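Student: One point on numbering: in the numbering used here, the residue at position 58 of the sequence shown is 87, and numbering is uninterrupted.
For glycine and all other residues, C-beta sits at the position ideal for the given N, C-alpha and C.
Note that the structure is predicted; figures quoted are calculated from it, not measured.
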Amino acid sequence: MLDNTAQAAQVLLPLAGQPCKSVTLALREQVTRRPFVRSTNLVKDNTLYCSSLFGEINEQIDPGDYTEGKLWLMNGNPVTPGTALLVYRLSDGQRGALSTLDGYHLSNVLRLIGRKTILLLQVGSNWLSPDGKYHAGPLPVIPVAQTTLNSSRYAFTVAAGFPEGETWRYMLSEYPPLFSLLIFFGVVSGLIGHVLQKRSTSPSVEMQRALEAAEFIPYFQPVVLGDNKKWSGAEVLMRWNHPKEGLVRPDLFIPFAEHSGLIVPMTRSLMRQTAALLAPLSGSFEAPFHIGINITARHCKDLQLVEDCREFLANFAPESISLVLELTERELIEPTAITHQLFEQLHALGVMIAIDDFGTGHSSLGYLREFNVDFLKIDQSFVAMIGADALSRHILDSIIELSVKLDLSIVAEGVETEEQSDYLTAHGVNYLQGYLFGRPMPGEQFIIKLSDH
Ligand code: C2E
Ligand code: CA
Ligand code: CA
30 MLDNTAQAAQ VLLPLAGQPC KSVTLALREQ VTRRPFVRST NLVKDNTLYC SSLFGEINEQ
90 IDPGDYTEGK LWLMNGNPVT PGTALLVYRL SDGQRGALST LDGYHLSNVL RLIGRKTILL
150 LQVGSNWLSP DGKYHAGPLP VIPVAQTTLN SSRYAFTVAA GFPEGETWRY MLSEYPPLFS
210 LLIFFGVVSG LIGHVLQKRS TSPSVEMQRA LEAAEFIPYF QPVVLGDNKK WSGAEVLMRW
270 NHPKEGLVRP DLFIPFAEHS GLIVPMTRSL MRQTAALLAP LSGSFEAPFH IGINITARHC
330 KDLQLVEDCR EFLANFAPES ISLVLELTER ELIEPTAITH QLFEQLHALG VMIAIDDFGT
390 GHSSLGYLRE FNVDFLKIDQ SFVAMIGADA LSRHILDSII ELSVKLDLSI VAEGVETEEQ
450 SDYLTAHGVN YLQGYLFGRP MPGEQFIIKL SDH
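#1: Pair every Cβ in the stretch 30 to 45 with every Cβ in the stretch 65 to 75, then say whether three or more of these pairs are closer than 8 Å.
#2: Would you kindly report the start and end of the unbroken alpha helix (DSSP H) that includes P519?
#3: Tell me whether the beta-carbon of F191 lies closer than 7 Å to the beta-carbon of V152.
#4: For ligand 2, I want to know if D385 counts as a neighbour, meaning its beta carbon is within less than 6 Å of at least one of the ligand's heavy atoms.
#5: So is F213 buried or exposed if we call it buried at 16+ other beta carbons inside 10 Å?
#6: Does the stretch 453 to 472 come within contact of the stretch 256 to 271, defined as at least 3 CB pairs closer than 8 Å?
#7: Restricting to Cα atoms, I'd like to know which of R359, P347 and H391 is closest to G379.
#8: To the nearest angstrom, report how far apart L254 and A417 are at their CA atoms.
#9: By how many angstroms is the C-alpha of W156 removed from the C-alpha of A165?
#10: Just to confirm, does N257 get its C-beta within under 6 Å of one of the non-hydrogen atoms of ligand 2?
#11: Which residues bound the alpha helix (DSSP H) around G395?
#12: Short of 8 Å in beta carbon distance, which residues of its chain neighbour N401, apart from the five on each side in sequence? Order them along the chain.
#13: F214 bridges to which residues according to DSSP?
#14: Along the chain, which unbroken stretches of the beta strand (DSSP E) at least 3 residues long are found entirely within the stretch 363 to 422?
#15: Are the CB atoms of F404 and F249 nearer to each other than 7 Å?
#16: Just to confirm, does N401 get its C-beta within under 6 Å of one of the non-hydrogen atoms of ligand 2?
#17: How would you write the range of the alpha helix (DSSP H) that Q123 sits in, first residue to last?
#18: According to DSSP, V72 sits in a beta bridge with which residue or residues?
#19: DSSP state of P205, grouped into three classes?
#20: Please name the residue in N179, L149, S181 and S180 whose C-alpha comes closest to that of P167.
#21: Compare the beta carbon distance of W101 and D94 with 7 Å and say whether it is the shorter of the two.
#22: Could you give the distance in angstroms between the alpha-carbon of G390 and the alpha-carbon of E358?
#23: Would you kindly report the start and end of the unbroken alpha helix (DSSP H) that includes P232?
#24: Within its chain, find whatever has a CB closer than 6 Å to the CB of E360; leave out the 5 residues flanking it on each side and keep chain order.
#25: Tell me whether S438 sits in a helix, a strand or coil according to DSSP, three-state version.
#26: Helix, strand or coil, according to DSSP, for S427 in the structure here?
#27: Could you check how far apart the C-beta atoms of V440 and Q462 are, in whole angstroms? I think they sit under 8 Å.
#28: By DSSP, does M267 sit in helix, in strand, or in coil?
#29: Across the stretch 297 to 308 and the stretch 235 to 251, are there enough close Cβ pairs to call them in contact, namely three or more that are closer than 8 Å?
#30: In terms of residue numbering, what span does the beta strand (DSSP E) encompassing T109 cover?
#31: Just to confirm the assignment, what range does the beta strand (DSSP E) spanning G84 have?
#32: Between which two residues does the alpha helix (DSSP H) harbouring Q462 extend?
#33: Classify V234: buried if its beta carbon has 16 or more other beta carbons within 10 angstroms, exposed otherwise.
#34: Does DSSP put L130 in a helix, a strand or coil?
#35: When you compare the CB positions of E195 and V170, do they come within less than 7 Å of one another, or not?
#36: Quick one: Cα of S209 to Cα of V217, how far?
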């Protein structure tokens with residue numbers, strides 16, 4: 030557009046100074062022939078003296094209005110006062126030619142190019158907005174990504190940018206497939222992550238692996254005789270020798286093992302390892318050595334337990350050991366035809382039954398008789414009451430009294446002090462177990478210490 034306007038001025042510049050009458054046609058010819066050119070004018074001594082619109086005229090012009098002496102954005106003229114005009118000036122000494130470009134064309138271009146952007150045309154200290162309005166003064170700030178670009182050939186600048194919030198509107202409208210793809214991959218990777226996490230942290234899968242890798246190993250804690258403190262047996266306590274976590278305490282994994290049913294093969298593996306460790310010594314045991322194994326209710330659902338015990342006992346010299354199954358009072362076994370059969374067969378094998386954590390659950394006397402219980406293991410929370418207030422001690426005394434009446438042997442768990450040990454012995458508790466006499470220890474260590482005790 031500006032090229033057309035500039036060419037019109039170039040053609041007319043040589044005519045400047047000639048009488049208006051003789052050049053009016055030439056002025057009008059340029060307006061007719063050149064696209065976008067609205068009017069052409071000639072200047073002499075800063076006086077506009079001839080115009081394509083009015084013919085002869087006399088109007089002062091101020092070269093200072095023109096940016097770089099060349100371009101002026103003005104707010105209309107007497108013919109169309111409301112429409113911005115861009116005036117191009119070409120001068121040669123005292124002579125000059127002006128050609129004008131209608132702001133209507135310019136604002137159209139700003140609108141059409143910048144459908145989704147804001148485009149502003151700046152000439153000197155004036156500027157034009159896409160709605161065709163003329164403004165004086167500095168450009169406004171455009172909210173998003175404001176840029177300006179100077180023309181390399183004419184004295185104007187274009188400022189561009191986006192309205193507020195355009196970034197997201199733009200992404201959403203321009204890239205719907207990309208967005209759906211992002212959401213799709215987000216959901217897919219979320220799902221994959223979820224599955225992987227579930228798989229890798231699923232305790233039963235991890236424990237199945239550990240079982241096959243023989244990571245569940247027995248630790249042994251001695252049980253001593255109340256009167257002479259000789260080792261009369263041991264409780265087998267499971268440990269998870271985890272390759273990364275190290276030695277894991279049973280209360281952290283036994284609940285999961287019970288839940289998944291893996292506890293049954295895990296206990297079986299523990300019994301086999303125990304037999305392999307202790308059977309070679311069984312010839313040297315004077316009296317039957319008690320070996321306590323913790324059993325869950327789940328293990329008592331069928332007669333498989335009888336076979337497990339039979340296999341265990343077959344490893345030892347006859348009468349050299351007493352196998353004691355410890356059943357916690359917190360999850361009691363329901364008396365059914367199968368369980369009665371189970372306990373009958375266990376007793377026939379010579380296997381003994383201990384009620385573990387006694388006092389923390391709610392087994393009735395009938396229950397103790399029904400399953401032919403041999404031992405009560407007093408929970409360590411009661412042992413800890415020794416030395417405390419009279420009421421607590423009274424509870425402990427009642428438990429001891431009860432077992433005496435029922436003709437059951439008692440094992441006191443969690444004996445940590447001499448005071449507890451003395452008290453229990455004085456009250457006729459036959460067996461003691463606790464850190465005072467030995468902590469749970471690995472098999473090799475237990476075998477070495479066993480000969481000393
Ligand atoms: P529990 O059968 O009551 O075993 C006694 C727990 O008391 C053991 O904890 C033992 O280390 C701890 N203990 C022994 N003496 C003392 C003491 O003087 N002071 C204190 N504060 N604690 C003492 P552990 O080995 O961590 O076993 C915790 C529980 O995990 C066991 O309680 C038992 O319920 C279960 N558990 C262990 N091994 C097996 C297993 O092979 N099978 C099953 N089903 N459960 C097991
Ligand atoms: Ca136990
Ligand atoms: Ca216990």
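Tutor: If we stick to the structure as given:
#1: Counting Cβ pairs under 8 Å, three or more are found: they touch.
#2: Because residue 519 is not part of the residues shown, which for the chain are 30 to 482, the question remains open.
#3: Taking the C-beta atoms as reference points, V152 is found no nearer than 7 Å to F191.
#4: Result yes, Cβ under 6 Å from ligand 2.
#5: Its Cβ having fewer than 16 others within 10 Å, F213 is exposed.
#6: At 8 Å Cβ cutoff, the stretches touch.
#7: Of the candidates R359, P347 and H391, the one whose C-alpha sits nearest the C-alpha of G379 is P347.
#8: If I take the Cα positions, the gap works out to 24 Å.
#9: Near 6 Å, if we compare the C-alpha coordinates of W156 and A165.
#10: Not so, every heavy atom of ligand 2 lies at least 6 Å from the Cβ.
#11: For G395, the uninterrupted alpha helix (DSSP H) run begins and ends at L394 to E399, by DSSP.
#12: Here the set comprises F372, H376 and I382.
#13: Checking the DSSP bridge columns, you'll see F214 has no partner listed.
#14: For the stretch 363 to 422, the full-length beta strand (DSSP E) segments reaching 3 residues or more read 381 to 387 and 404 to 407 along the chain.
#15: Cβ distance not < 7 Å, so F404 and F249 don't count as in contact.
#16: Not under cutoff, so the answer is no.
#17: Taken as a continuous stretch (DSSP letters only), Q123 belongs to no alpha helix (DSSP H), as it is neither H nor E.
#18: Answer by DSSP bridge pairing, in chain order: L77 and G125.
#19: For P205, the three-state secondary structure derived from DSSP is helix.
#20: If we check each option's Cα against that of P167, L149 comes out closest.
#21: Cβ atoms of W101 and D94: closer than 7 Å.
#22: Rounded to the nearest angstrom, the two C-alpha atoms are 5 Å apart.
#23: Going by DSSP, P232 is part of the alpha helix (DSSP H) stretching over P232 to E241.
#24: Answer for E360: A326, listed in chain order.
#25: For S438, the secondary structure class from DSSP, reduced to helix, strand or coil, is strand.
#26: The answer is helix: DSSP assigns S427 an H, G or I state.
#27: The C-beta distance from V440 to Q462 rounds to 6 Å, short enough to fall under 8 Å.
#28: Assigned with DSSP and collapsed to three states, M267 falls in strand.
#29: Verdict: yes, contact present.
#30: Note, T109: premise wrong, no beta strand (DSSP E); not H, not E.
#31: Counting along the chain, the unbroken beta strand (DSSP E) around G84 starts and ends at G84 to Q89.
#32: Here Q462 belongs to no alpha helix (DSSP H), and DSSP marks it neither H nor E.
#33: Classified as exposed, V234 has fewer than 16 neighbouring CB atoms from the shown chains inside 10 Å of its CB.
#34: In the three-state DSSP reduction, L130 falls in the strand class (E or B).
#35: Not closer than 7 Å, so no.
#36: Cα to Cα, S209 sits roughly 12 Å from V217.
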